[in-house]
Structure formats: C-alpha cells, structure tokens
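The opening residue of the sequence shown carries number 18 in the working numbering; numbering runs sequentially from there. Inspection log for the structure reproduced underneath, given as structure tokens.
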Amino acid sequence: MSKVLWGIWWRDTTYGDTSAYFLDASSWVRSGQVNILWSPLYTAYFGWMESLFQDARAAVLVHRVALVVATTLLAAWAGKRYLGPLLGFLVALWWVALPIHYDTLYEVHLFGAVVAFCAVGICSSESDWRLPLLVALYALATVLLRNENIICFGMLGLYFLFRVYQRVRVGDRAGVRRYAWRGGVVAVFTLLVVAYFYQISTLQGWRQINEASAPKHRLNMCQVYAFGYQQRYSDWTQSPWTECQTLMKRDFGDESPSITEMLLANPGATLEHFAWNLSLLPAGLQVLAFNATSFSGNPDYAPVMKNDVYPTVLAMAVVALAVAAAVFAWRRRRATPTPLSARDVDFLVLLVANIAVALAVVLTQRPRPSYLLGFGFILLVALCRLLRTAWPRATVALDKLFVVAAIAAVLAVPSYASLNLPSMTGRLNELYTLLKDHKYLLCRNGHELAIGEYTSELRNYICGSASVTALPLESIPAMNTMNSGSIVAELQRRHVHAVILDNVFLRGKTRVKDCHELDAAFAADGWFRMAFSGDGKGFCDAAYLNMRPSPY
C-alpha cells in the first residue's frame, strides 16, 4: 500500500464536486450542521479532517489517503475471512493497485464504496446477527450516503422478513423471537443514528427536504441526458452542465423534468437514453476492472484510458475463468449435493441486490466506474468465491503461496509517482497555495470575487462557508477584446471586491500586451496587489484587492 501511494503528495487538489462538499464540511466545522440530502456522513468525515488541519489542501489530500488505507484494510480483512489468505490478498491487491480506485475523481465515491466492504465483512461472519446488520447497514447508507442504496435496503429487508416467515411457518417460536430481538436492536440503533443526523441537518421537515431534493434530481437528469445526447448527436453543442435546459425543453417540453416526467413526455427519447447508457456498460466494466477500455465509447464524464489489446484479453480471460468455474462448481454439486451455507446464501442475496442497484444507476445515469466501485468489489468477491467452490483443494493449496504473492506484488505494482496521471497536472493547488494566506482580505461576507481558472474551487477552498460570491472572469462579455484599462474599469464598474488572475487568463486576450501591463493598470486604479507570481513569459498568477469603498 505504501508503495502504491508513494508520491501521492504531488496530486493536485481535487476540483469540482469535492470543493462543493468542502463547503458543507466547513459548515459542519463552524456550526456542527450537515445537509441530510448531500451525503451527511461523508460531510462529517470531511469536516473532521478540515478541523484537524485547518488547511483545505491538507484536508483534501489526507482524507483521500485515509480512505484508500481504510478501504484497503477492509478489503484485506473481508477477503481473508470469506475467501482465504491468497484470494483475499489478491482482491485487496486489485483494489489498491488500480488508479481508478485510489485516484478516482471525487473522494465521496471512494467513501461510498466503504458500504460494500463492510457488507462483505458482515457476510463473512458466522454470527446470527449477519442479516439484521446487513439490513441496518444499507438503511444507514440510504439516508447518510447515496439514495440508490434504498434498492439494496428494500431487497435485504424483504429477505429478512422471508426468513422470519419461514420460522413462523414451521412453528419455530424461539427462532422468531431471536429474529425479532436482533431486528429490533439494529432498528433502534439505525433510527437513533438517523435521528442524530436529522437533528443536526440544515433541512428540517418533510416539506423542506422534498423542496430541496426535487431540484437536485431534476438538474441531475438534465445534465446526464444532455451529456449522453452529445455523445450520440452533433446537432446540440451547448454545455451539458450549465445549458442543458434548452435541450430538455426541446425534447420534453420542460426545462427540468424528473425521470418519471421524461418517460411520460417522451418515452422514445428516454428509452434511447437508457439504451445508450446500457451500451456503455462493457466499457464501464472494463475500466472498473482493468483501469482501461478497448471500446470507443466513454462510460465516464472525464476521459478514460484507452487500450486496444489488454482490456479485451483480460476480459475474455475472466469470462472464460468464470464460465469454467461455474461448470466445475455445478458438476461438483451434482456429484456431492451439499446445501449452501447460510452466509453464502446471504452473500448471494447481497450480490443480486447490488446488481439491481448497479442496473438502476447505469440506466438512469451511465456506467461511470466511480459510481460502481463498491459493486466492482462485490463482483470480484463473487468470482473468487466461485473459484473456491469449483476448486476447493487447489485454492486451499495455493494459500501457501501467500508470502510469495505478497513479495511479487510489492515488486510489480507501480507507485502513483511512476504513473503519468491527469491528477498530477492541475494548477489548483499552486493557486490555492499562492492565495490562502490572504483569506481574510479576500473572503469578506457579502463581497464578490472575480476569478479566472477554478472559479468555484478557489472560492470554496479559500473562503469556506463565508458568504462570498464568485464571478467567472470569462463570463464578462467581450473580455477577450478589452485592453488592460478596460478590464480594470469593467471590474470597477461591477464593484468587484477582489480579482484573482491565473496564467491562463491572458491567453487569447488580444489587446493585453502582458501581465506587467495589466499589473500597472490595476496599480494606476488604486488596487492593492496581494500576490503576484510571473512565469517570465508575460503570464502570471496574481490577486488584487479593490481599495475603493463599495457603494453597497
């Protein structure tokens, strides 16, 4: 694990959704509150990390590393208990070795995968508390992590009731009482945990929660439909993230329909969306399993690694191995019929429930690998369990090779530093480091920051929960054709409190000579230079504070 994570400190600070979760984490640190609709358990964890370090860069990096370490240890623990030393080690190795896992775009998806590791660990137990704990785990995951877990919760809950019904049917009153006792205990515990997070939530009452959750779902469907549409057609070229409403209005007659309204308004377009997402599933599973795909379609939003050979070869090998193992396992059971153990039955139910969740996610969203991290782990555990069932003597004998496999893995697995990953190349950390010491000048409640690159990220990481708005510089009309004086005058006209420039900003500004000319224009207008770092080629990173009093 230490070898894989070597050099992780060179990773750029995570952009996008993580910076938005950082706001909720800051709220938890400042007031002890969470938003129950936005993964409140993850928010509390992230906030705890922020309170420890008091630095966004450190909190983001350490909370990722801690998740990688924790999930790897959970994978090793659950795998060893359920599969034996060698297969358990190989499952943990697969988890920690692939960048699609430890370098996944957003940490919240890594946190969500913890549920799958805990579920397999529970399934590996011989305790009679196994099934009630699984039901409670997915009940908590539904409320505190990701809502799609409600499918798992419902299916496991029904299976629990079926087991109780079996005891009632045979007149096993003692068994019914045991199920009732264990189910009651975990239900009370679950309700207490949910009640605690509800009590500290900024949203209270069904009306508030419903009013806040509906726009979240509608915007999500708008964005994912638009992104998929752009992959299939070229007649709509606007941004799927900020301008998807025009496409939804055209195709469904509503700028932000729910999934149900989409089906009713235009079932053909909605089913085409589902079919497209399903067609991307092989590519998504390849990336999930092997960190690359040989298919042309991109199952993710960000670019994925493409390779024409090894994902296909490995996928064919895995399918062939699974088919052979299934045939051997079936023959073995026919030759010496033995019932499945209770924990194997519970694991099969868990597997089916997770397949149902994965299909729901794939159809409505897309087979994005980071959405399926936990499912991928459970699927691999299922394959390894099948191998152990098909060839029990061989797998037990191979357990003796555990030490050899561990040494080989240490030598073969590449480190983060040795890989040319996109997460190394960003400039968010560089800009944050330049500006973080000026937080108290930049982040004044009610003021507006004009920011070039990483607009929302810099505002969120530097200002946290302060009431500061961010204006993207590129959103100002005709910015590319303004000279230095006009840029400063426009910012002054808008009563911008401070401006943050980066070396990308000047590229394409045809009437600005270089960064020094712009710096002189700010100085002439009375702006205070807080930070300035030139690259010697006329470009720079800089921040200026407006010293004129605001009229507001």
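Every residue gets a Cβ at the ideal spot worked out from N, C-alpha and C, and that includes glycine.
- Residue G301 holds the alpha-carbon nearest to the alpha-carbon of V378 among G301, D41 and Y561.
- Exclusion of the five residues before and after A114 leaves V21 and V430 as the residues of its chain whose Cβ lies within less than 7 Å of its Cβ.
- Contact between the region 168 to 188 and the region 106 to 124 is absent: fewer than 3 CB-CB pairs across the two stretches fall below 8 Å.
- Separation of Q255 and S36 (C-alpha to C-alpha, rounded to the nearest whole angstrom) is 24 Å.
- Per DSSP, the unbroken alpha helix (DSSP H) holding A231 starts and ends at W223 to R249.
- If you look at E465, you'll find it isn't in any alpha helix (DSSP H); it sits in the beta strand (DSSP E) that goes E465 to I468.
- Take the alpha-carbon of Y176 and the one of H514: they are about 59 Å apart.
- Here the alpha carbons of R235 and D531 stand approximately 44 Å from one another.
- Taking a contact to require three or more Cβ pairs closer than 8 Å, the region 552 to 568 and the region 436 to 443 do not qualify as touching.
- Residue state for L122 is assigned as coil, using DSSP reduced to three classes.
- Put simply, the backbone Cα of N563 is about 15 Å away from that of K456.
- When DSSP states are grouped into helix, strand and coil, P354 belongs to the coil group.
- For R194, the enclosing alpha helix (DSSP H) has its first and last residue at R190 to Q216.
- Excluding five sequence positions before and after F392, the CB atoms of its chain that fall closer than 6 Å to its own CB belong to N371 and A375, given in chain order.
- Within the region 420 to 473, the runs of beta strand (DSSP E) at least 3 residues long that lie entirely inside it are, in chain order, 465 to 468.
- The region 52 to 134 contains, as complete alpha helix (DSSP H) runs of 4+ residues, the segments 57 to 70, 73 to 100, 102 to 114, 116 to 119 and 124 to 129 (chain order).
- Remark: C-beta atoms of A538 and V516 do not approach each other more closely than 8 Å.
- Counting C-beta atoms within 10 angstroms of its own C-beta, Y433 has 16 or more neighbours from the protein chains shown and is therefore classed as buried.
- Between the C-alpha atoms of L178 and L157 there is a straight-line separation of about 18 Å.
- Using a Cβ-Cβ distance cut-off of 8 Å, the region 98 to 110 and the region 386 to 403 are in contact, since at least three pairs of beta carbons, one from each stretch, lie closer than that value.
- Bounds of the beta strand (DSSP E) holding A560 are C557 to L562.
- DSSP places T263 in the helix class (H, G or I) of the three-state scheme.
- If you draw a 10 Å sphere on the C-beta of I479, you find 16 or more other C-beta atoms in it, and that means buried.
- Beta-bridge partners assigned by DSSP to A515: L466 and L562.
- In this model, I217 and E465 are separated by some 29 Å (Cα to Cα).
- Residue state for M172 is assigned as helix, using DSSP reduced to three classes.
- With a cutoff of 8 Å on beta-carbon distance, C239 and Q221 are scored as not near each other.
- Ranked by how close their Cα comes to the Cα of A42, the residues I25, T31 and G64 have G64 in first place.
- Taking 8 Å as the cut-off, the Cβ atoms of N500 and L40 do not count as close.
- Taking R360 as reference, the option from D271, S435, Q382 and S142 with the minimal CA-CA separation is S142.
- Annotation note: the region 332 to 407 contains the following uninterrupted alpha helix (DSSP H) runs of length 4 or greater, listed N- to C-terminal: 359 to 381 and 390 to 407.
- In its chain, beyond the 5 residues on either side, A538 have a beta carbon closer than 6 Å to the beta carbon of G502.
- Around the beta carbon of T159, 16 or more other beta carbons sit within 10 angstroms, so the residue counts as buried.
- In the DSSP assignment, R546 forms a beta bridge with Y561.
- Between the region 342 to 355 and the region 146 to 156, the count of Cβ pairs shorter than 8 Å is below three; the stretches do not touch.
- Excluding its 5 nearest sequence neighbours in each direction, P328 has C-beta neighbours in its own chain below 7 Å: Q303, F307, A309, T310 and S311, listed in chain order.
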